[in-house]
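In order, the protein sequence lines correspond to chains A and B.
First residue of the first sequence? That's 516 in my numbering, and the numbers climb one at a time after it.
First residue of the second sequence? That's 516 in my numbering, and the numbers climb one at a time after it.
C-beta: ideal position from N, C-alpha, C; glycine also.
2 protein chains.
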Amino acid sequence: MINIKSEKCFDCTACNERSPLFHYLTKDELAIMNAGRFEVHFDAGETIVKQGTIANHIMVITSGIAKLFLEGIDRRNLILDLVLPWKLFGGPGLFNDMRYHYSVSALTATSACFIAADHVRQVIRSNPDFAESILRHCNKNSAANFDRLISLTQKQMPGRLADTLIYLTNDIFQKNRFTLPLSRLELGEMSNMTKESVTRILKEFEAEKIITVEGKTIEILNFEVLKEISVRG
Amino acid sequence: MINIKSEKCFDCTACNERSPLFHYLTKDELAIMNAGRFEVHFDAGETIVKQGTIANHIMVITSGIAKLFLEGIDRRNLILDLVLPWKLFGGPGLFNDMRYHYSVSALTATSACFIAADHVRQVIRSNPDFAESILRHCNKNSAANFDRLISLTQKQMPGRLADTLIYLTNDIFQKNRFTLPLSRLELGEMSNMTKESVTRILKEFEAEKIITVEGKTIEILNFEVLKEISVRG
DNA sequence: GCCATTAATTGTTTTAAATCAATTATTTTT
DNA sequence: AAAAATAATTGATTTAAAACAATTAATGGC
């Protein structure tokens with residue numbers, strides 16, 4: 516469903532080719548990362564990391580797709596990201612309280628690689644380029660969360676759902692037609708609205724010829740109008 | 516109004532005593548930070564940094580208090596933090612797009628110290644302890660933003676205002692009775708509600724003997740109930 | 001100390017979006 | 001393939017909170 520480039524991850528040299536964060540690492544540093552590294556397969560729906568547990572590892576997905584979400588009040592979730600292969604996650608507790616601050620669960624069959632947080636720390640200390648790129652990564656996430664804060668608190672439903680559709684088109688699928696690995700409830704958890712409202716707004720967008728919807732397949736017909744709806748709020 | 520420990524900032528050796536982030540720095544590194552450093556005084560209401568402009572500096576307030584806020588849609592702001600002396604800010608654009616991702620403006624007469632981003636970068640690269648503490652700082656902010664996302668999207672007004680009052684009590688004033696440097700509108704910008712709603716909920720809390728309100732002075736009478744309201748949502 | 005301006009309060013109305021309820025489609029399981 | 005379970009749609013109702021409007025209080029400038 517998603518364009519996945521690799522099947523298996525044998526050692527961190529592979530990541531060095533695929534994850535931009537690992538470009539800066541020397542052979543020795545890759546060996547440190549690789550020590551104690553392990554890969555685990557998850558079925559769709561399984562939890563990869565659970566919010567609140569001790570953050571001993573940093574993870575990267577090698578195949579499949581996962582959702583990264585906050586567990587909020589009364590079992591209500593807020594999905595922050597869909598996680599594709601080679602995107603590092605699990606960081607926010609690092610050097611801090613050493614706990615995971617979000618949960619991640621597999622949307623499709625997924626393999627994830629677990630790297631010891633201690634080893635990441637060691638390499639951050641030895642390699643300024645790596646430290647800098649980790650900091651850049653952290654800062655990018657902060658900026659994205661600022662945007663999300665504004666979207667979710669100041670825009671009304673069409674604006675919020677437009678933001679979600681734009682994110683899916685640009686950052687996840689990179690094409691105008693895609694089949695979602697998400698339910699209407701989960702679209703709602705990305706856009707802070709109920710599943711019923713998702714249905715209604717999707718229908719509205721369809722009536723305005725901005726998108727077509729057939730079940731879980733969505734096609735963006737008019738990206739510009741979608742952007743306008745996003746900007747207007 | 517706020518307990519401010521220092522009057523003037525002569526060089527970064529002073530920060531080494533006051534800002535925990537600077538503890539790890541050697542004499543040479545403090546000298547790097549100090550080069551080109553400058554301090555500016557702001558009257559209440561003045562903008563210290565403006566969202567969207569080029570982030571050439573990292574700032575620290577040496578006296579006074581400021582608000583740090585996102586500029587959202589239709590001139591609507593979202594206040595993220597009140598900034599006290601010795602707390603570093605301006606980081607999120609660092610190594611990233613080199614822009615400020617929020618605005619900061621003085622609530623009282625305020626002095627702020629500007630340190631060149633290049634110099635901070637240089638020291639991050641040379642001192643792993645400093646790099647680690649900056650990363651810790653960044654991760655703490657991420658965690659706080661996750662909490663804020665849940666508070667602002669999933670709690671209703673009493674829960675959100677309770678969160679704001681708890682933040683003011685614990686993190687800013689560190690006592691149960693304080694005089695706000697904020698208007699009702701600004702309390703609303705911290706809690707994502709209108710100024711009218713702030714008035715009403717404060718009155719509600721007062722009727723329930725949780726707080727007393729006399730103009731801008733608030734006293735917390737029952738912190739436990741406030742916490743319950745926060746947890747319940 | 002008085003006037004002008006801004007901030008806060010209070011009451012009323014409107015509205016966006018949730019909740020509730022019922023039905024229809026899809027998947028999954030057997 | 002049929003039955004069961006889950007997901008999606010659709011409509012009606014309720015509700016939290018904004019918007020609007022009017023008054024009162026507080027602040028700042030002269």
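Beta-carbon spacing of residue i, residue j below 7 angstroms
i: residue 609 of chain A; j: residue 654 of chain B; result: yes
i: residue 669 of chain B; j: residue 588 of chain A; result: yes
i: residue 607 of chain B; j: residue 550 of chain A; result: no
i: residue 563 of chain B; j: residue 673 of chain B; result: no
i: residue 741 of chain A; j: residue 677 of chain A; result: yes
i: residue 660 of chain A; j: residue 592 of chain B; result: no
i: residue 715 of chain A; j: residue 643 of chain B; result: no
i: residue 601 of chain A; j: residue 534 of chain A; result: yes
Contacts around residue i, its chain only, beta-carbon distance under 7 angstroms, and the 5 residues preceding and following it disregarded
i: residue 648 of chain B; result: 536, 539
i: residue 623 of chain B; result: 516, 559, 579, 580, 696
i: residue 675 of chain B; result: 666, 667, 706, 707, 708
i: residue 702 of chain A; result: 679, 713
i: residue 528 of chain B; result: 545
i: residue 704 of chain A; result: 584, 592, 593, 594
Distance between beta carbons of residue j and residue i, contact taken as under 8 angstroms
i: residue 570 of chain A; j: residue 621 of chain A; result: So it is not a contact: roughly 19 angstroms between Cβ atoms.
i: residue 554 of chain A; j: residue 618 of chain A; result: About 20 angstroms separates the two Cβ atoms, so there is no contact after all.
i: residue 734 of chain A; j: residue 726 of chain A; result: 6 angstroms
i: residue 585 of chain B; j: residue 595 of chain B; result: 6 angstroms
i: residue 568 of chain A; j: residue 614 of chain A; result: 7 angstroms
Cutoff 6 angstroms; reference residue i; Cβ partners in own chain excluding five residues on either side
i: residue 728 of chain B; result: 717, 721
i: residue 461 of chain A; result: The question about residue 461 of chain A has no answer, for chain A in this structure spans 516 to 748.
i: residue 525 of chain B; result: none
i: residue 710 of chain A; result: 699, 700, 703
i: residue 687 of chain B; result: 597
Environment of residue i [buried if 16+ CB atoms lie within 10 Å]
i: residue 685 of chain B; result: exposed
i: residue 692 of chain B; result: exposed
i: residue 633 of chain A; result: exposed
i: residue 645 of chain B; result: buried
i: residue 663 of chain B; result: buried
i: residue 604 of chain A; result: buried
i: residue 730 of chain A; result: exposed
i: residue 732 of chain B; result: exposed
i: residue 652 of chain A; result: buried
i: residue 460 of chain B; result: The shown model of chain B, from 516 to 748, leaves out residue 460 of chain B, and the question about it has no answer.
i: residue 747 of chain B; result: exposed
i: residue 520 of chain B; result: Below a pLDDT of 50, predicted positions are generally treated as unreliable, and residue 520 of chain B, at 41, falls in that range; the measurement from the model is reported next regardless. So residue 520 of chain B counts as exposed.
Cβ-based neighbour list, residue i, same chain, cut-off 8 angstroms, excluding 5 preceding and 5 following
i: residue 638 of chain B; result: 540, 544, 547, 548, 645
i: residue 583 of chain A; result: 594, 595, 596, 597, 598, 604, 617, 618, 619
i: residue 531 of chain A; result: 537, 538, 540, 545
i: residue 671 of chain A; result: 748
i: residue 565 of chain B; result: 615, 618
Q: At 3 residues or longer, and completely inside the stretch 553-595 of chain B: list those beta strand (DSSP E) runs for me, N to C.
A: 553-557, 562-564, 572-578, 581-586
**Q.** Ranges of the alpha helix (DSSP H) found wholly within the stretch 595-658 of chain A, counting only runs of at least 4
**A.** 632-641
Q: Quick one: which unbroken alpha helix (DSSP H) runs of 4-plus residues sit fully inside the stretch 688-735 of chain A? Chain order, please.
A: Note on the stretch 688-735 of chain A: whole alpha helix (DSSP H) runs with a minimum of 4 residues are 699-706, 710-722, in chain order.
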